[in-house]
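Trainee: Mapping of the sequence shown onto my numbering: residues 2 to 345, in sequence order.
Backbone N, C-alpha and C define an ideal beta-carbon position, used for all residues, glycine too.
Note that the structure is a prediction, hence the values are computed from the model and not measured.
Handing you a structure now.
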Amino acid sequence: MRGRELSELAAWLYPESLRAPGGHVLSGPGWLLDYPVELDDVRLAWSETPLPPKRSVDQVLPLTDRGTLYDGYSRAVRDIVRPRLMENRPSYRLTGVDTSAGLALDFGLTTFFDVFDVKQAVAHEFKEKWLRGGRALPTWADLPIRTAVGDPFDPDTWLMSPGISTLTLRRDRDGDHGFVLHERDGAKVADGGGLAHVMPAGEFQPVSDPQADFSLWRNIMREFSEEFLGNSEHDGITSGPVDYASASPYRELTALRESGDLTLWHYGLIMEPLELGASQLTVAVFDGEEFDSLVGHGGFVNDEGTAVLHPFTVDSVARLEPRLSGSALTLLRKALRDRGKLLG
Numbered sequence: 002m003r004g005r006e007l008s009e010l011a012a013w014l015y016p017e018s019l020r021a022p023g024g025h026v027l028s029g030p031g032w033l034l035d036y037p038v039e040l041d042d043v044r045l046a047w048s049e050t051p052l053p054p055k056r057s058v059d060q061v062l063p064l065t066d067r068g069t070l071y072d073g074y075s076r077a078v079r080d081i082v083r084p085r086l087m088e089n090r091p092s093y094r095l096t097g098v099d100t101s102a103g104l105a106l107d108f109g110l111t112t113f114f115d116v117f118d119v120k121q122a123v124a125h126e127f128k129e130k131w132l133r134g135g136r137a138l139p140t141w142a143d144l145p146i147r148t149a150v151g152d153p154f155d156p157d158t159w160l161m162s163p164g165i166s167t168l169t170l171r172r173d174r175d176g177d178h179g180f181v182l183h184e185r186d187g188a189k190v191a192d193g194g195g196l197a198h199v200m201p202a203g204e205f206q207p208v209s210d211p212q213a214d215f216s217l218w219r220n221i222m223r224e225f226s227e228e229f230l231g232n233s234e235h236d237g238i239t240s241g242p243v244d245y246a247s248a249s250p251y252r253e254l255t256a257l258r259e260s261g262d263l264t265l266w267h268y269g270l271i272m273e274p275l276e277l278g279a280s281q282l283t284v285a286v287f288d289g290e291e292f293d294s295l296v297g298h299g300g301f302v303n304d305e306g307t308a309v310l311h312p313f314t315v316d317s318v319a320r321l322e323p324r325l326s327g328s329a330l331t332l333l334r335k336a337l338r339d340r341g342k343l344l345g
């Protein structure tokens, strides 16, 4: 069974009211917006709160060569899978969501490994019980780790660091609009390998100063720099602080926004059912000529996989559907419905 199908099977554990349209992903009350808001209208606030309770996941941890349990899922992945990208960095932790008047998100801090460990434990438990049960949907009684989570949309009980998945649209003056799809290589990344996803997509993380980097736009710019242009990842150690004002390509991307040749939108948040990983869904719309000048044409390979420009049409998305992640499919269907608004 493909990863998305297994994730959609996990979605059936939850009531229909918590499943986003199409049933591919979950969405908490008020998480997923009916229509997109402009990125600058999303209000971010700093709000550190007590961490959720630590959860025991020993029952899904593999054994080391010495016959002892690994002390975390991330350590096991580093030793056994050995992905190229696997580093423990600070990440922004979701502490609150309010959609009563637009979209307001509260964040504190956590680490990538802390979130990765609990997500992968929940996913591993489901996969194991699914296999042992003859590929039938496990019951809640089979899933003590998932059951102990309680409400997965409550940041007081479940640790969440919602990354940012951005659908990049190329707006063509002749109407031949396109979107970029990224096929992530499981040998190169720790999470999401094997599925086709929107691009860029990455963790919501600071580089060096959590306050200075506390910006959706700055995070998206860094992901564009890394995934589209092949620039090195900013790790906050070798690269130091990012000069968003004058360094390339941040200067050029900001100029495109100011000229109206690049617009950005936010659809709110979703959750992948298998691992209970939260994600923000955003859209970036480039003028076609500016996109070609910045990125180039056709498919290209980067450090995490292969990216290809596809026609932004209903037929194209339907053809690609079997290979798409649940969150990518959810975002693409919303964007196709709203293409008049997004493309202007």
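Note the first and the last residue of the continuous beta strand (DSSP E) segment covering GLY176.
Mentor: Start at 1 with the first residue of the sequence shown, and residue 176 comes out as number 175. Premise fails: GLY176 is in no beta strand (DSSP E) and is neither H nor E.
Trainee: Alpha carbon to alpha carbon, how far is ALA137 from LYS128?
Mentor: Taking the sequence shown and counting its residues from 1, one reaches residue 137 at position 136. Taking the sequence shown and counting its residues from 1, one reaches residue 128 at position 127. The alpha-carbon atoms of ALA137 and LYS128 are separated by roughly 10 angstroms.
Trainee: Is GLY306 near GLU204, with beta carbons less than 7 angstroms apart?
Mentor: Start at 1 with the first residue of the sequence shown, and residue 306 comes out as number 305. Start at 1 with the first residue of the sequence shown, and residue 204 comes out as number 203. Result no, Cβ atoms of GLY306 and GLU204 do not sit closer than 7 angstroms.
Trainee: Per DSSP, ILE221 is paired with what?
Mentor: Stepping through the sequence shown from its first residue, residue 221 is reached at position 220. Answer by DSSP bridge pairing: none, since ILE221 is not bridged.
Trainee: State the beta-bridge partners of ARG147 as determined by DSSP.
Mentor: As a first step, residue 147 is located in the sequence shown; it is residue number 146 there, counting from the start. Note: ARG147 sits in no beta bridge, so no partner.
Trainee: What residues in its chain sit with their C-beta under 8 angstroms from that of ARG324, if we drop five residues either side in the sequence?
Mentor: For the purposes of this step, residue 324 is identified with residue 323 of the sequence shown, where counting begins at 1. Correct list, in chain order: GLU184, LEU196 and ALA197.
Trainee: Relative to the alpha-carbon of SER209, which residue among GLY241, MET200, SER216 and ARG219 has its alpha-carbon at the smallest distance?
Mentor: Numbered from 1 along the sequence shown, position 208 holds the residue referred to as residue 209. Of the candidates GLY241, MET200, SER216 and ARG219, the one whose C-alpha sits nearest the C-alpha of SER209 is GLY241.
Trainee: DSSP state of GLY306, grouped into three classes?
Mentor: In the sequence shown, counting from the first residue as 1, residue 306 sits at position 305. GLY306 falls in the strand class under three-state DSSP.
Trainee: Ignore the nearest five residues each way along the sequence and tell me which others in PRO53's own chain have a CB closer than 8 angstroms to its CB.
Mentor: The sequence position of residue 53 within the sequence shown is 52, counting from 1. Only PRO156, ASP157, THR158, TRP159 and LEU160 meet the Cβ criterion.
Trainee: With DSSP as the reference, identify every bridge partner of ARG20, one or two as the case may be.
Mentor: Here residue 20 corresponds to residue number 19 of the sequence shown, with the count starting at 1. As a beta-bridge residue in DSSP terms, ARG20 pairs with LEU27.
Trainee: Do THR96 and SER162 have their C-beta atoms closer together than 7 angstroms?
Mentor: The residue you call residue 96 lines up with position 95 of the sequence shown. The residue you call residue 162 lines up with position 161 of the sequence shown. Cβ distance not < 7 angstroms, so THR96 and SER162 don't count as in contact.
Trainee: Quick check on THR264: buried or exposed, where buried means 16 or more other Cβ atoms within 10 Å of its Cβ?
Mentor: Locating residue 264 in the sequence shown gives position 263, counting from the first residue. Looking at its Cβ environment, which holds 16 or more other Cβ atoms inside 10 Å, THR264 is buried.
Trainee: Ordered along the chain, which non-local residues of its own chain (more than five positions away) have a Cβ less than 6 angstroms from that of ASP262?
Mentor: The count along the sequence shown starts at 1 and reaches residue 262 at position 261. ASP288 and GLU291, listed in sequence order.
Trainee: For HIS267 versus LEU40, is the C-beta distance shorter than 7 angstroms?
Mentor: Within the sequence shown, residue 267 is the residue found at index 266, counting from 1. Within the sequence shown, residue 40 is the residue found at index 39, counting from 1. Their beta carbons are under 7 angstroms apart, which means HIS267 touches LEU40 by this criterion.
Trainee: I'd like to check one pair, PHE229 with VAL296: are the Cβ atoms closer than 7 angstroms?
Mentor: Along the sequence shown, read from residue 1 onward, the residue named residue 296 stands at position 295. Along the sequence shown, read from residue 1 onward, the residue named residue 229 stands at position 228. Yes, the Cβ-Cβ distance between VAL296 and PHE229 is below 7 angstroms.
Trainee: If we ignore side chains and look at the alpha-carbon of each, how far apart do LEU330 and HIS25 end up?
Mentor: Start at 1 with the first residue of the sequence shown, and residue 330 comes out as number 329. Start at 1 with the first residue of the sequence shown, and residue 25 comes out as number 24. Rounded to the nearest angstrom, the two C-alpha atoms are 8 angstroms apart.
Trainee: If you draw a straight line from the alpha carbon of GLY341 to that of TYR36, how long is it in whole angstroms?
Mentor: The residue labelled residue 341 in the question sits at position 340 within the sequence shown. The residue labelled residue 36 in the question sits at position 35 within the sequence shown. Going from the Cα of GLY341 to the Cα of TYR36 covers about 12 angstroms.
Trainee: My guess is that ARG147 and GLY103 are in contact by the Cβ rule of under 8 angstroms, so how many angstroms apart are they, rounded?
Mentor: In the sequence shown, counting from the first residue as 1, residue 147 sits at position 146. In the sequence shown, counting from the first residue as 1, residue 103 sits at position 102. At roughly 32 angstroms, the Cβ-Cβ gap does not stay under 8 angstroms, so ARG147 and GLY103 are not in contact.
Trainee: With DSSP as the reference, please indicate the residues paired to ASP339 in a beta bridge.
Mentor: Taking the first residue of the sequence shown as position 1, residue 339 is located at position 338. DSSP output for ASP339 lists no bridge partner at all.
Trainee: Which same chain residues, not among the five before or five after ASP346, have their C-beta less than 7 angstroms away from its C-beta?
Mentor: For the chain, the structure presents residues 2 to 345; residue 346 sits outside this window and is missing.
Trainee: When we look at the beta-carbon of GLN60 and count the other beta-carbons within 10 Å, is it buried (16 or more) or exposed?
Mentor: As a working note, residue 60 is residue 59 in the sequence shown. GLN60 should be labelled exposed.
Trainee: Taking the straight line between their C-alpha atoms, what separation do you get for LEU277 and ALA21?
Mentor: Taking the first residue of the sequence shown as position 1, residue 277 is located at position 276. Taking the first residue of the sequence shown as position 1, residue 21 is located at position 20. Inter-residue distance for LEU277 and ALA21 is about 14 angstroms (C-alpha atoms, whole angstroms).
Trainee: Please classify TRP47: does DSSP put it in a helix, a strand, or coil?
Mentor: Locating residue 47 in the sequence shown gives position 46, counting from the first residue. The answer is strand: DSSP assigns TRP47 an E or B state.
Trainee: Counting only runs that start and end within the stretch 277-302, where is the alpha helix (DSSP H) found for 4 or more residues in a row?
Mentor: 289-296
Trainee: Run through DSSP, which three-state label would SER166 get?
Mentor: As a first step, residue 166 is located in the sequence shown; it is residue number 165 there, counting from the start. In this structure, SER166 counts as strand in the three-state DSSP scheme.
Trainee: Within the same chain, show all residues whose beta-carbon is closer than 6 angstroms to that of PHE1, passing over the 5 residues directly before and after it, in chain order.
Mentor: Examination of residue 1 is not possible in this model, given that the chain is present from 2 through 345 alone.
Trainee: Around the C-beta of GLY231, are 16 or more other C-beta atoms found within 10 angstroms, so that it is buried, or is it exposed?
Mentor: Along the sequence shown, read from residue 1 onward, the residue named residue 231 stands at position 230. That one is exposed.
Trainee: Could you have a look at ARG133 and say whether DSSP puts it in helix, strand or coil?
Mentor: Residue mapping note: residue 133 aligns to position 132 of the sequence shown, counting from 1. Correct three-state label for ARG133: helix.
Trainee: Bridge partners for HIS125 per DSSP, in chain order?
Mentor: Taking the first residue of the sequence shown as position 1, residue 125 is located at position 124. BP columns for HIS125 are empty, so no partner.
Trainee: Report the start-end ranges of each alpha helix (DSSP H) in the stretch 235-265 that is 4 residues or longer and not cut off at the edges.
Mentor: 251-260
Trainee: For the alpha helix (DSSP H) that contains ASP42, what are its first and last residues?
Mentor: By 1-based counting over the sequence shown, the position of residue 42 is 41. Run containing ASP42: none; DSSP gives neither H nor E here.
Trainee: Return the residue from the list GLU234, TRP218 and GLU227 that minimises the CA-CA distance to ALA246.
Mentor: As a first step, residue 246 must be located in the sequence shown, where it is residue number 245. Among GLU234, TRP218 and GLU227, the Cα nearest to that of ALA246 belongs to TRP218.
Trainee: Assuming ARG94 is part of the alpha helix (DSSP H), what are its boundary residues?
Mentor: Locating residue 94 in the sequence shown gives position 93, where the first residue counts as 1. No alpha helix (DSSP H) holds ARG94; the beta strand (DSSP E) holding it covers 91-99.
Trainee: To which residues of the same chain is THR112 closer than 8 angstroms at the C-beta, ignoring the five residues directly before and after it?
Mentor: Against the sequence shown, residue 112 aligns to sequence position 111. Excluding sequence positions up to five before and after THR112, its CB lies within less than 8 angstroms of the CB of ASN89, ARG90, PRO91 and SER92, all in the same chain and listed in chain order.
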